[in-house]
Amino acid sequence: GEGFSIEAGVAGIPTAFVASYGSGEPVIAILAEYDALPGINQDALPTRLLIDEKTAGHACGHNLFAAGSIGAAIAIKHWLEETGSSGTLRILGTPAEEGGSGKVYMVRDGLFDGVDIALHWHAGDRNSAAARTTLANRSAKFRFRGISAHAAAAPDKARSALDGVEAFNHMINLMREHVPQETRIHYVITSGGIAPNVVPDFAEVFYYVRHPEATMVKEIWERLETAAKGAAIGTGTEVDWEIIHGNHPVLVNETLAMLVDEKLRQVGGVSYNEYEQSFAEEIYASLNRPELALGSEEEIQPFNVSLGYGSTDVGDVSIAVPTVGLSTATWVPGTSAHRWQSTAASGMTIGYKGAQVAAKTLALTAIELYQNPALRNAARAEFDERRGA
20 GEGFSIEAGV
30 AGIPTAFVAS
40 YGSGEPVIAI
50 LAEYDALPGI
60 NQDALPTRLL
70 IDEKTAGHAC
80 GHNLFAAGSI
90 GAAIAIKHWL
100 EETGSSGTLR
110 ILGTPAEEGG
120 SGKVYMVRDG
130 LFDGVDIALH
140 WHAGDRNSAA
150 ARTTLANRSA
160 KFRFRGISAH
170 AAAAPDKARS
180 ALDGVEAFNH
190 MINLMREHVP
200 QETRIHYVIT
210 SGGIAPNVVP
220 DFAEVFYYVR
230 HPEATMVKEI
240 WERLETAAKG
250 AAIGTGTEVD
260 WEIIHGNHPV
270 LVNETLAMLV
280 DEKLRQVGGV
290 SYNEYEQSFA
300 EEIYASLNRP
310 ELALGSEEEI
320 QPFNVSLGYG
330 STDVGDVSIA
340 VPTVGLSTAT
350 WVPGTSAHRW
360 QSTAASGMTI
370 GYKGAQVAAK
380 TLALTAIELY
390 QNPALRNAAR
400 AEFDERRGA
């Protein structure tokens with residue numbers, strides 16, 4: 020009912036879309052991200068409580084991301100309409116950030132061609148527009164295949180695929196001493212057999228490798244593949260692997276980040292009502308060494324340029340077009356992503372209020388950018404200098 024033209028199923032992804040409004044230049048895109056995390060099931064309550072039959076949860080706040088972005092887009096659309104301003108607004112519905120890097124496929128398919136600036140935001144435990152980069156990331160599922168047999172009656176006939184996985188994991192854990200200190204490597208065994216008395220003929224382990232530089236991720240990754248082959252040889256098994264996703268670090272744009280910081284300070288932080296305060300106090304008591312004090316949700320964090328240790332497919336957007344984002348206090352201060360406490364707050368009014376702060380900030384940012392060609396040009400000049408040809 021808001022007059023956007025919508026194209027669904029873009030970039031070969033059934034759940035991805037582009038919604039457009041307006042005409043002419045500049046073209047500003049707003050990312051609207053949505054997906055969930057497997058296993059982080061939690062009700063919207065301040066104590067640990069699973070919801071029956073749920074297999075996933077919004078422990079990274081991606082239920083709020085798209086909603087806040089679309090709220091901003093509708094406000095911007097009304098401003099364009101009421102002022103008669105020239106410019107095009109695009110909402111890009113971007114699924115599968117968690118382990119899928121959906122935006123990578125959308126960039127590759129040309130959906131950011133002609134976009135002048137891309138805006139995004141993320142759920143968090145603080146209000147911040149700091150120019151924060153991320154880690155490059157690559158993942159794969161390594162699948163070992165062996166020979167099954169009775170583990171007691173005929174173990175000599177068997178070759179354990181689980182032995183292959185465990186030998187591989189041991190090699191990688193030894194390798195941790197000999198990689199650059201900014202590296203992050205983590206894994207889960209997604210299949211390890213069914214019964215102890217059946218030697219498993221199939222086992223699978225899912226790996227992530229991260230580093231601030233994509234070239235270093237590739238270098239470390241080659242060592243992973245070599246170790247997998249060695250583990251298979253040593254255990255008499257076979258191994259293959261499927262690359263699941265990969266992304267670049269976020270290329271920061273300080274020109275745009277300082278603009279978002281200005282608008283965020285204009286909007287202000289999150290204010291709790293009595294129930295939210297009680298909810299937050301109970302959550303806060305459950306946290307392990309929280310970095311921020313309760314009450315900091317009302318504040319805006321200092322502006323700086325820093326390295327973040329997460330990863331996001333926004334990185335690939337940011338090397339295609341000048342990109343900027345912010346985080347808001349959708350969770351109780353001190354709450355990290357990917358835990359039940361973030362799921363709980365994402366599903367209630369604390370999360371909703373943080374999304375409103377993001378929507379207002381993005382709307383004010385876009386309106387400024389539509390009206391300020393000098394600022395757009397400065398952002399593009401910084402982008403060209405940082406990225407190169």
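Convert by adding 19 to the 1-based position in the sequence shown; the result is the number in the working numbering. Where is the CB? At the ideal position from N, CA and C, for every residue including glycine.
Span of the alpha helix (DSSP H), counted from its first residue to its last, around residue i
i           : result
residue 95  : 81 to 102
residue 198 : Counting along the chain, residue 198 falls outside any alpha helix (DSSP H), and DSSP gives it neither H nor E.
residue 269 : Residue 269 -> no alpha helix (DSSP H), and no H or E assigned at all.
residue 247 : 233 to 254
residue 383 : 368 to 390
residue 361 : 359 to 365
residue 160 : Premise fails: residue 160 lies in the beta strand (DSSP E), 155 to 164, not in any alpha helix (DSSP H).
Extent of the continuous beta strand (DSSP E) run through residue i
i           : result
residue 139 : 136 to 143
residue 291 : No beta strand (DSSP E) holds residue 291; DSSP gives it neither H nor E.
residue 347 : 342 to 348
residue 46  : 46 to 53
Cα-Cα separation, residue i to residue j
i           : j           : result
residue 61  : residue 175 : 45 Å
residue 110 : residue 132 : 14 Å
residue 297 : residue 308 : 19 Å
residue 108 : residue 368 : 28 Å
residue 329 : residue 278 : 23 Å
residue 233 : residue 292 : 44 Å
residue 46  : residue 32  : 23 Å
residue 226 : residue 208 : 9 Å
Contact check, residue i vs residue j, beta carbons under 8 Å
i           : j           : result
residue 224 : residue 230 : no
residue 273 : residue 333 : no
residue 360 : residue 145 : no
residue 261 : residue 159 : yes
residue 80  : residue 245 : no
residue 20  : residue 40  : no
residue 88  : residue 266 : no
residue 68  : residue 370 : no
residue 135 : residue 72  : no
residue 318 : residue 290 : no
Close Cβ partners of residue i (< 8 Å) along its chain, the five nearest in sequence each way excluded
i          : result
residue 29 : 35, 36, 37, 125, 128 and 130
residue 85 : 51, 52, 53 and 112
Proximal residues to residue i (C-beta, below 6 Å), its chain only, five neighbours per side dropped
i           : result
residue 362 : 59, 61, 76, 77 and 78
residue 331 : 153
Beta-carbon contacts of residue i that lie in its chain and below 7 Å, excluding the five residues immediately before and after
i           : result
residue 215 : 170
residue 56  : 75, 76, 78, 79, 117 and 357
residue 254 : 178, 179, 182, 183 and 186
Minimum Cβ-Cβ distance from residue i to chain C less than 8 Å
i          : result
residue 92 : Among the chains in the structure shown there is no chain C, since it carries only a single protein chain.
Pairs of beta-carbons, one from the segment 134 to 141 and one from the segment 48 to 57, closer than 8 Å: are there three or more?
yes
Touch check for the segment 327 to 341 and the segment 284 to 304: three-plus C-beta pairs under 8 Å?
no
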